[in-house]
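Asker: Position 68 of the first sequence, counting from 1, maps to 56 under the working numbering, and the rest follow consecutively. Virtual Cβ for every residue (Gly too), placed ideally from N, Cα, C. Only a predicted model underlies this, so the values are computations on that prediction, with no experimental measurement involved.
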Amino acid sequence: VVTYNTLIHGLCLIGDLEEAQQLRDEMINQGILPDVLTYTILVNGSCKVGNLSMAKEFFDEMLHEGLEPDRFAYTTRIVGELRLGETSRAFSLQEEMLAKGFPSDLITYNVFVDGLCKLGNLEEACELLQNMVRDGLVPDHVTYTSIIHAHLENGHLRKARDIFYEMLSKGLSPSVVTYTVLIHAYAGKGRLEAAFTYFTEMQEKGVLPNVITYNALINGLCKVRRMDQAYKFFYEMEEKGIYPN
RNA sequence: UGGUAACCCCGUC
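1) What residue ranges within the segment 143 to 187 form continuous alpha helix (DSSP H) runs of no fewer than 4 residues, ordered along the chain?
2) Over the uninterrupted alpha helix (DSSP H) stretch that includes Ser34, give me the two end residues.
3) Tell me the DSSP secondary structure of Tyr231 in three-state form.
4) Taking the CB atoms as reference points, tell me whether His205 and Ala175 lie closer together than 7 Å.
5) In angstroms with no decimal places, state the Cα-to-Cα distance between Glu192 and Cys114.
6) Roughly how many whole angstroms lie between the Cα atoms of Pro197 and Cys35?
7) Excluding sequence positions up to five away, which residues of its chain have a Cβ less than 7 Å from the Cβ of Leu81?
8) What three-state label does DSSP hand Lys6 in the structure shown?
9) Mapping DSSP to helix, strand and coil, what is Gln191?
10) Do Leu72 and Leu40 have their beta-carbon atoms positioned less than 7 Å apart in this structure?
11) Exposed or buried, Ile2, counting other C-beta atoms within 10 Å across all chains shown (16 or more means buried)?
12) Can you name, in chain order, every residue of its own chain whose Cβ lies under 7 Å from the Cβ of Asn(-7), other than the five neighbours on each side?
13) For Gly108, does the three-state DSSP call read helix, strand or coil?
14) Measuring CA to CA, which of Pro232, Ile20, Val31 is closest to Cys0?
15) Indicate the three-state DSSP secondary structure (helix, strand or coil) for Ser92 in the structure shown.
16) Taking Leu156 as the reference, give the member of Asn203, Asn17, Glu189 with the closest Cα.
17) Determine the contact status of Asp93 and Ser134, defining contact as a CB-CB distance below 7 Å.
18) Whose C-alpha, out of Asp150, Pro162, Gly124, is nearest the C-alpha of Pro91?
19) By Cβ distance below 6 Å, which residues in the same chain neighbour Thr131 in space, the five residues on each side in sequence not counted?
20) Keeping to the same chain, check which residues put their C-beta closer than 8 Å to that of Gln9; ignore five residues upstream and five downstream.
21) How far does the alpha helix (DSSP H) with Leu21 in it extend, from its first residue to its last?
22) Around the Cβ of Val126, are there at least 16 other Cβ atoms within 10 angstroms (buried) or fewer (exposed)?
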């Protein structure tokens, strides 16, 4: 079952759900029964390709097989419900999960925070932070990045920056993703000086920019037609062995 | 062996 799960996971990573499903069928024919991991992988893979009804089907099949979903399975399913905007269903699943002895962990909360942010419920997402603390959990850099990203998407750059500093004050280390969302927003709005400041700061802290970070900068520079500087970063990434995509 | 955050492109509106 580990071999099959690993292969199914690989197929899901490349987005080939048809083949993944066939392999699931094949393992059954071979007398190897899929387990909770198999279904979690399939539910997750379906979500990633945007086929949320398929995600639900796999989750239900897991139940029909008499398998008991665990925290990973529930959280994966919650991602799907939130993407559909089914907030109350997502919360019901959270309660169901709790009733089965799986209280939400940091990742479950992060899924809710990000999901609510993406649905435009930033307020509700922030309220969840209180629940996290109540449950003895500490918001991490992923939690903060979701909230910062939401503020940036709303055009509230200053608020985003404030949250960023709040994150630093709590001793959390921003990741390359945190810096990249900030750089993307500032560069995209023509605030290149601020973007450069973050770009410099991240490297001083040993956080290495990746191709997405460079794309964000180059995109901002191209928008304001500063092609010479755009090329400067383009060459710089090559020097660093970061390949343009 | 499985669950969370970022760019670009494309499609529908």
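Answerer: This is what the structure gives:
1) If we require 4 residues or more, the alpha helix (DSSP H) runs fully inside the segment 143 to 187 come out as 145 to 157, 164 to 176.
2) From DSSP, the alpha helix (DSSP H) with Ser34 extends over 24 to 36.
3) Tyr231: coil per DSSP, three-state reduction.
4) The residue asked about is misnamed: residue 205 is Leu in this sequence, not His. In contact: Leu205 and Ala175 (Cβ atoms closer than 7 Å).
5) Approximately 30 Å between the Cα atoms of the pair.
6) Cα to Cα, Pro197 sits roughly 28 Å from Cys35.
7) The answer, listed in chain order, is Tyr62, Arg65, Ile66, Glu69.
8) A quick correction: the sequence has Glu, not Lys, at residue 6. Glu6 carries a helical assignment under DSSP once its states are collapsed to helix, strand and coil.
9) Correct three-state label for Gln191: helix.
10) It is a contact, given that the beta carbons lie within the stated cut-off.
11) Ile2 counts as exposed, since fewer than 16 other beta carbons sit within 10 angstroms of its beta carbon.
12) Excluding sequence neighbours, Asn(-7) sits near Leu25, Thr26, Ile29.
13) Note: Gly108 maps to coil in three-state DSSP.
14) When the alpha-carbon of Cys0 is set against those of Pro232, Ile20, Val31, the nearest one is in Val31.
15) Looking at Ser92 - three-state DSSP - the assignment turns out to be coil, as it is neither helix nor strand.
16) Nearest of Asn203, Asn17, Glu189 to Leu156, Cα basis: Glu189.
17) Here Asp93 is not near Ser134, since their CB atoms are 7 Å or more apart.
18) If we check each option's Cα against that of Pro91, Gly124 comes out closest.
19) Closer than 6 Å at Cβ, skipping near neighbours: Asn98, Val101.
20) These residues qualify, in order along the chain: Leu30.
21) Premise fails: Leu21 is in no alpha helix (DSSP H) and is neither H nor E.
22) So Val126 counts as exposed.
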